[in-house]
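With this note's numbering applied, the sequence shown covers 339 to 636. Each residue gets a CB set at the ideal place from its N, CA and C atoms; glycine is no exception. No experiment lies behind these values; they were computed from the predicted model shown. Notes to accompany the following structure.
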Amino acid sequence: NGAGQGHITGIRVSNFDGPITDVTSNDVICNGGINPYHQPMSQVIITANAGDEITAEWHHTLAGADSSDPGDPIDSSHKGPILASLAKIPNALQTDVTGNKWFKIYEDGYSNSSGLWAVDKLIANKGRVIFSLPSCIAAGQYLLRVELIALHAASSYPGTELYASTLPPGAMECAQLQINRGESSSPATANLPGAYSGTHIPYTYNFLCSGCARTDSGIMINIYYPPVTSYTIPGPPPVFSCSGNPNGSTSRTSSTPSASPTPVPGSSIVAQYGQCGWNGYTGSTTCAAPYTCRALNV
(Lines of atoms letter the chains of each structure in order from A and count residues from 1; the text may use other names and numbers.)
(Lines give C-alpha, C1' and ligand atoms only; values in the text may rest on other atoms or scores of the structure.)
Protein backbone atom coordinates (compact mmCIF):
# COMPACT_ATOMS: atom_id res chain seq x y z
CA ASN A 1 0.00 0.00 0.00
CA GLY A 2 2.87 2.37 -0.77
CA ALA A 3 4.74 1.83 2.52
CA GLY A 4 8.37 0.86 2.00
CA GLN A 5 9.54 -2.25 3.88
CA GLY A 6 13.26 -1.47 3.89
CA HIS A 7 16.09 -2.04 1.44
CA ILE A 8 16.29 -5.80 0.59
CA THR A 9 14.30 -6.52 3.77
CA GLY A 10 12.30 -9.75 3.74
CA ILE A 11 13.71 -10.74 0.35
CA ARG A 12 16.05 -13.54 -0.70
CA VAL A 13 18.36 -11.51 -2.93
CA SER A 14 21.48 -12.58 -4.80
CA ASN A 15 24.74 -10.68 -5.17
CA PHE A 16 25.00 -11.39 -8.90
CA ASP A 17 22.80 -9.79 -11.56
CA GLY A 18 23.08 -12.57 -14.14
CA PRO A 19 19.88 -14.17 -15.46
CA ILE A 20 18.55 -17.70 -15.20
CA THR A 21 18.37 -19.25 -18.69
CA ASP A 22 17.64 -22.91 -17.85
CA VAL A 23 13.89 -23.02 -17.20
CA THR A 24 14.19 -26.62 -15.92
CA SER A 25 16.56 -25.62 -13.10
CA ASN A 26 15.53 -25.25 -9.46
CA ASP A 27 17.09 -21.79 -9.69
CA VAL A 28 13.92 -20.55 -11.40
CA ILE A 29 12.12 -20.86 -8.05
CA CYS A 30 13.91 -18.35 -5.80
CA ASN A 31 17.50 -18.47 -7.08
CA GLY A 32 20.29 -19.23 -4.59
CA GLY A 33 22.07 -21.81 -6.74
CA ILE A 34 24.30 -20.44 -9.50
CA ASN A 35 23.63 -16.98 -8.05
CA PRO A 36 24.19 -17.45 -4.29
CA TYR A 37 22.12 -15.47 -1.82
CA HIS A 38 23.39 -12.26 -0.31
CA GLN A 39 24.44 -13.01 3.27
CA PRO A 40 23.13 -12.84 5.85
CA MET A 41 19.81 -13.69 4.25
CA SER A 42 16.98 -11.57 5.64
CA GLN A 43 15.03 -13.27 8.42
CA VAL A 44 12.19 -10.76 8.19
CA ILE A 45 8.72 -11.86 7.14
CA ILE A 46 6.80 -8.96 5.61
CA THR A 47 3.24 -8.60 6.88
CA ALA A 48 0.45 -7.80 4.44
CA ASN A 49 -3.30 -8.25 4.23
CA ALA A 50 -5.16 -10.08 1.49
CA GLY A 51 -6.20 -7.43 -1.02
CA ASP A 52 -3.24 -5.14 -0.29
CA GLU A 53 -1.48 -3.32 -3.10
CA ILE A 54 2.09 -4.50 -3.67
CA THR A 55 4.87 -2.54 -5.36
CA ALA A 56 7.80 -4.59 -6.65
CA GLU A 57 10.97 -2.86 -7.77
CA TRP A 58 13.86 -3.68 -10.09
CA HIS A 59 17.31 -2.09 -10.13
CA HIS A 60 20.58 -2.89 -11.84
CA THR A 61 22.54 -3.51 -8.64
CA LEU A 62 22.01 -4.10 -4.93
CA ALA A 63 22.84 -0.43 -4.37
CA GLY A 64 19.36 0.48 -5.62
CA ALA A 65 18.23 3.31 -7.87
CA ASP A 66 21.05 5.02 -9.77
CA SER A 67 20.15 7.85 -12.14
CA SER A 68 23.71 7.84 -13.53
CA ASP A 69 23.42 4.21 -14.66
CA PRO A 70 21.90 3.92 -18.17
CA GLY A 71 21.11 0.28 -17.38
CA ASP A 72 19.02 1.10 -14.32
CA PRO A 73 16.51 -0.36 -13.70
CA ILE A 74 17.25 -2.65 -16.66
CA ASP A 75 18.58 -2.21 -20.18
CA SER A 76 15.86 -1.11 -22.57
CA SER A 77 16.77 -3.94 -24.98
CA HIS A 78 15.55 -6.51 -22.43
CA LYS A 79 11.95 -6.44 -23.61
CA GLY A 80 9.45 -8.97 -22.32
CA PRO A 81 6.61 -9.71 -19.89
CA ILE A 82 6.36 -9.32 -16.12
CA LEU A 83 4.60 -11.85 -13.87
CA ALA A 84 3.89 -12.27 -10.16
CA SER A 85 3.10 -15.57 -8.44
CA LEU A 86 2.46 -16.78 -4.89
CA ALA A 87 3.12 -20.10 -3.17
CA LYS A 88 1.64 -20.94 0.24
CA ILE A 89 4.36 -22.37 2.45
CA PRO A 90 4.50 -23.66 6.07
CA ASN A 91 7.34 -21.30 6.98
CA ALA A 92 8.34 -18.36 4.79
CA LEU A 93 11.89 -18.61 6.17
CA GLN A 94 12.44 -22.28 5.33
CA THR A 95 15.45 -22.89 3.11
CA ASP A 96 13.90 -25.63 0.94
CA VAL A 97 11.66 -24.02 -1.68
CA THR A 98 11.21 -27.05 -3.93
CA GLY A 99 7.84 -28.77 -4.26
CA ASN A 100 5.77 -25.66 -3.63
CA LYS A 101 2.61 -24.99 -5.64
CA TRP A 102 2.51 -21.62 -7.41
CA PHE A 103 -0.40 -19.56 -8.70
CA LYS A 104 -0.17 -16.44 -10.82
CA ILE A 105 -1.68 -13.21 -9.47
CA TYR A 106 -0.48 -10.70 -12.09
CA GLU A 107 0.90 -10.57 -15.60
CA ASP A 108 1.60 -7.97 -18.25
CA GLY A 109 2.89 -8.83 -21.69
CA TYR A 110 2.82 -7.10 -25.08
CA SER A 111 0.30 -4.59 -26.41
CA ASN A 112 -0.05 -4.73 -30.18
CA SER A 113 -1.96 -1.43 -30.16
CA SER A 114 0.81 0.53 -28.40
CA GLY A 115 3.79 -1.63 -29.36
CA LEU A 116 4.89 -1.61 -25.73
CA TRP A 117 6.15 -4.50 -23.63
CA ALA A 118 5.71 -4.69 -19.87
CA VAL A 119 9.43 -3.89 -19.55
CA ASP A 120 8.95 -0.63 -21.45
CA LYS A 121 6.35 0.42 -18.88
CA LEU A 122 8.55 -0.76 -16.02
CA ILE A 123 11.41 1.47 -17.21
CA ALA A 124 9.04 4.43 -17.60
CA ASN A 125 7.88 3.82 -14.01
CA LYS A 126 11.48 3.90 -12.69
CA GLY A 127 11.64 0.17 -12.03
CA ARG A 128 8.32 -0.25 -10.26
CA VAL A 129 5.35 -2.48 -11.03
CA ILE A 130 2.17 -2.44 -8.94
CA PHE A 131 -0.42 -5.19 -8.45
CA SER A 132 -2.73 -6.45 -5.69
CA LEU A 133 -2.81 -9.57 -3.56
CA PRO A 134 -6.09 -11.46 -4.12
CA SER A 135 -8.52 -10.62 -1.32
CA CYS A 136 -9.94 -14.15 -1.08
CA ILE A 137 -6.82 -16.29 -0.62
CA ALA A 138 -6.22 -18.09 2.66
CA ALA A 139 -4.27 -16.36 5.42
CA GLY A 140 -0.82 -17.76 6.09
CA GLN A 141 2.79 -17.56 5.03
CA TYR A 142 3.72 -17.27 1.37
CA LEU A 143 6.61 -16.73 -0.99
CA LEU A 144 6.03 -13.98 -3.55
CA ARG A 145 7.93 -14.35 -6.81
CA VAL A 146 7.91 -11.37 -9.19
CA GLU A 147 9.59 -12.02 -12.49
CA LEU A 148 10.72 -10.28 -15.66
CA ILE A 149 11.35 -12.45 -18.73
CA ALA A 150 13.80 -10.79 -21.14
CA LEU A 151 13.32 -11.93 -24.74
CA HIS A 152 16.10 -10.07 -26.58
CA ALA A 153 17.97 -13.36 -27.18
CA ALA A 154 15.00 -15.72 -27.12
CA SER A 155 15.01 -16.81 -30.77
CA SER A 156 16.70 -20.03 -29.63
CA TYR A 157 16.76 -22.00 -26.40
CA PRO A 158 18.44 -21.45 -24.03
CA GLY A 159 18.38 -17.73 -24.73
CA THR A 160 15.48 -16.31 -22.77
CA GLU A 161 16.63 -14.58 -19.59
CA LEU A 162 14.58 -14.76 -16.39
CA TYR A 163 15.03 -11.93 -13.90
CA ALA A 164 13.39 -11.26 -10.56
CA SER A 165 12.43 -7.99 -8.94
CA THR A 166 13.77 -6.48 -5.77
CA LEU A 167 17.41 -5.72 -6.26
CA PRO A 168 19.12 -6.80 -8.38
CA PRO A 169 17.10 -7.94 -11.40
CA GLY A 170 19.59 -10.76 -11.76
CA ALA A 171 17.74 -13.98 -11.14
CA MET A 172 14.75 -15.44 -9.37
CA GLU A 173 14.29 -14.10 -5.85
CA CYS A 174 11.40 -14.45 -3.43
CA ALA A 175 9.85 -12.13 -0.87
CA GLN A 176 8.77 -13.70 2.42
CA LEU A 177 5.18 -12.80 3.34
CA GLN A 178 2.69 -13.29 6.15
CA ILE A 179 -0.73 -12.62 4.60
CA ASN A 180 -3.55 -11.87 7.05
CA ARG A 181 -7.31 -11.32 6.78
CA GLY A 182 -7.70 -13.86 4.02
CA GLU A 183 -10.55 -16.16 3.10
CA SER A 184 -10.42 -19.74 1.86
CA SER A 185 -10.09 -19.80 -1.92
CA SER A 186 -7.88 -22.52 -3.41
CA PRO A 187 -6.34 -21.30 -6.68
CA ALA A 188 -5.20 -23.71 -9.38
CA THR A 189 -1.45 -24.15 -9.08
CA ALA A 190 1.62 -25.20 -11.06
CA ASN A 191 5.09 -26.51 -10.25
CA LEU A 192 8.36 -24.62 -10.54
CA PRO A 193 10.32 -25.82 -12.35
CA GLY A 194 7.72 -27.28 -14.66
CA ALA A 195 5.55 -24.29 -15.52
CA TYR A 196 7.89 -23.29 -18.36
CA SER A 197 9.21 -25.45 -21.17
CA GLY A 198 12.17 -24.93 -23.46
CA THR A 199 13.62 -27.41 -25.92
CA HIS A 200 16.66 -27.26 -28.16
CA ILE A 201 15.52 -28.64 -31.52
CA PRO A 202 18.25 -30.16 -33.69
CA TYR A 203 18.18 -29.13 -37.36
CA THR A 204 20.10 -30.36 -40.39
CA TYR A 205 19.99 -26.97 -42.13
CA ASN A 206 23.20 -24.94 -42.22
CA PHE A 207 21.51 -21.55 -41.92
CA LEU A 208 19.07 -19.66 -39.72
CA CYS A 209 15.72 -21.26 -40.38
CA SER A 210 12.23 -21.52 -39.01
CA GLY A 211 11.20 -24.86 -37.70
CA CYS A 212 8.19 -26.51 -36.13
CA ALA A 213 9.05 -27.06 -32.50
CA ARG A 214 7.24 -28.06 -29.34
CA THR A 215 8.32 -25.40 -26.89
CA ASP A 216 6.78 -22.70 -24.75
CA SER A 217 5.85 -19.91 -27.14
CA GLY A 218 6.40 -17.38 -24.37
CA ILE A 219 9.94 -18.65 -23.76
CA MET A 220 11.24 -19.02 -27.31
CA ILE A 221 10.32 -16.21 -29.70
CA ASN A 222 12.04 -13.88 -32.15
CA ILE A 223 10.85 -10.41 -31.12
CA TYR A 224 12.63 -8.68 -34.04
CA TYR A 225 11.42 -10.42 -37.20
CA PRO A 226 8.75 -11.01 -38.18
CA PRO A 227 7.27 -8.16 -36.11
CA VAL A 228 5.43 -9.37 -33.00
CA THR A 229 1.65 -9.10 -33.30
CA SER A 230 0.72 -11.37 -30.38
CA TYR A 231 2.50 -12.92 -27.44
CA THR A 232 1.43 -15.71 -25.09
CA ILE A 233 2.65 -15.08 -21.55
CA PRO A 234 4.19 -18.27 -20.10
CA GLY A 235 3.99 -19.64 -16.60
CA PRO A 236 1.42 -21.10 -14.20
CA PRO A 237 -2.30 -21.28 -15.07
CA PRO A 238 -4.23 -18.08 -15.92
CA VAL A 239 -4.10 -15.25 -13.41
CA PHE A 240 -6.16 -16.13 -10.34
CA SER A 241 -9.13 -13.90 -9.64
CA CYS A 242 -11.53 -13.93 -6.71
CA SER A 243 -14.35 -13.06 -9.13
CA GLY A 244 -14.10 -16.50 -10.72
CA ASN A 245 -12.74 -15.14 -14.00
CA PRO A 246 -9.36 -16.92 -14.37
CA ASN A 247 -7.84 -13.90 -16.09
CA GLY A 248 -9.23 -11.53 -13.49
CA SER A 249 -8.39 -7.86 -13.44
CA THR A 250 -4.90 -7.96 -14.85
CA SER A 251 -2.76 -6.24 -17.42
CA ARG A 252 -2.79 -9.19 -19.80
CA THR A 253 -2.37 -7.40 -23.11
CA SER A 254 -1.40 -10.42 -25.17
CA SER A 255 -3.47 -12.58 -27.44
CA THR A 256 -3.09 -16.33 -27.66
CA PRO A 257 -2.74 -17.72 -31.19
CA SER A 258 -5.10 -20.54 -32.06
CA ALA A 259 -3.66 -24.03 -32.32
CA SER A 260 -2.68 -25.42 -35.68
CA PRO A 261 -4.93 -28.08 -37.20
CA THR A 262 -4.17 -31.79 -37.03
CA PRO A 263 -1.99 -32.89 -39.96
CA VAL A 264 -3.61 -34.73 -42.80
CA PRO A 265 -1.49 -36.99 -45.04
CA GLY A 266 -0.82 -35.27 -48.35
CA SER A 267 -1.82 -31.85 -47.01
CA SER A 268 0.29 -28.69 -46.77
CA ILE A 269 0.64 -28.90 -42.98
CA VAL A 270 4.26 -29.24 -41.86
CA ALA A 271 5.12 -32.05 -39.43
CA GLN A 272 7.23 -31.63 -36.27
CA TYR A 273 10.86 -30.61 -37.05
CA GLY A 274 9.92 -29.85 -40.66
CA GLN A 275 11.12 -26.67 -42.37
CA CYS A 276 8.48 -23.97 -42.52
CA GLY A 277 10.33 -20.80 -43.51
CA TRP A 278 13.45 -18.76 -44.34
CA ASN A 279 14.83 -16.90 -47.35
CA GLY A 280 13.79 -18.54 -50.60
CA TYR A 281 11.47 -21.02 -48.88
CA THR A 282 8.16 -21.39 -50.75
CA GLY A 283 6.53 -24.25 -48.88
CA SER A 284 3.84 -24.32 -46.22
CA THR A 285 4.21 -22.25 -43.07
CA THR A 286 1.40 -24.02 -41.20
CA CYS A 287 2.58 -26.41 -38.46
CA ALA A 288 0.87 -29.51 -37.16
CA ALA A 289 -0.70 -29.04 -33.73
CA PRO A 290 0.61 -28.27 -31.15
CA TYR A 291 3.74 -26.92 -32.87
CA THR A 292 4.46 -23.39 -34.07
CA CYS A 293 6.80 -22.01 -36.70
CA ARG A 294 9.79 -20.24 -35.11
CA ALA A 295 13.03 -18.76 -36.32
CA LEU A 296 16.00 -20.38 -34.58
CA ASN A 297 19.75 -19.86 -34.55
CA VAL A 298 21.39 -23.16 -35.43
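Query: Beta-carbon spacing of Asn392, Ser423 below 8 Å; Result: Before going further, note that residue 392 is Ile rather than Asn in the sequence given. Not a contact, by the Cβ cut-off of 8 Å.
Query: Closest residue to Asn438 among Ser352, Ser579 and Leu482 (Cα-Cα distance); Result: Leu482
Query: Identified DSSP bridge partners for Gln516; Result: Thr385 and Gln479
Query: Lys464 versus Trp455: straight-line alpha-carbon distance, rounded; Result: 15 Å
Query: For Ile392, the first and last residue of its enclosing beta strand (DSSP E); Result: Glu391 to Glu395
Query: Where the beta strand (DSSP E) containing Cys368 begins and where it ends; Result: From DSSP, Cys368 is part of no beta strand (DSSP E) but of the alpha helix (DSSP H) over Asp365 to Cys368.
Query: Contacting residues, own chain, Cβ-Cβ under 6 Å from Ser473 (five flanking each side not counted); Result: Ala388, Gly389 and Cys580
Query: Extent of the continuous beta strand (DSSP E) run through Ala425; Result: Ile420 to Lys426
Query: Own chain residues within Cβ distance below 8 Å of Asn585, not counting five before or after; Result: Note that Asn585 scores a pLDDT of 40, beneath 50, so its modelled location is shaky and nothing firm can be said.
Query: Endpoints, alpha helix (DSSP H) assigned at Ile468; Result: Where Ile468 is concerned, there is no enclosing alpha helix (DSSP H), although the beta strand (DSSP E) it sits in stretches over Arg466 to Ser470.
Query: Lys439, DSSP secondary structure in three states; Result: strand
Query: DSSP three-state assignment for Asp446, whether helix, strand or coil; Result: strand
Query: Close Cβ partners of Ala386 (< 8 Å) along its chain, the five nearest in sequence each way excluded; Result: Ile392, Leu471, Leu515, Gln516, Ile517 and Asn518
Query: Through-space distance from Val457 to Glu521, alpha-carbon basis; Result: 33 Å
Query: 8 Å Cβ cutoff met for Trp396 and Leu489; Result: no
Query: Segment limits, beta strand (DSSP E) that includes Cys625; Result: Per DSSP, Cys625 belongs to no beta strand (DSSP E) and is neither H nor E.
Query: Selection from Ala533, Glu511 and Asn529 that minimises the alpha carbon distance to Pro357; Result: Glu511
Query: Distance CB(Ala526)-CB(Phe441) smaller than 8 Å; Result: yes
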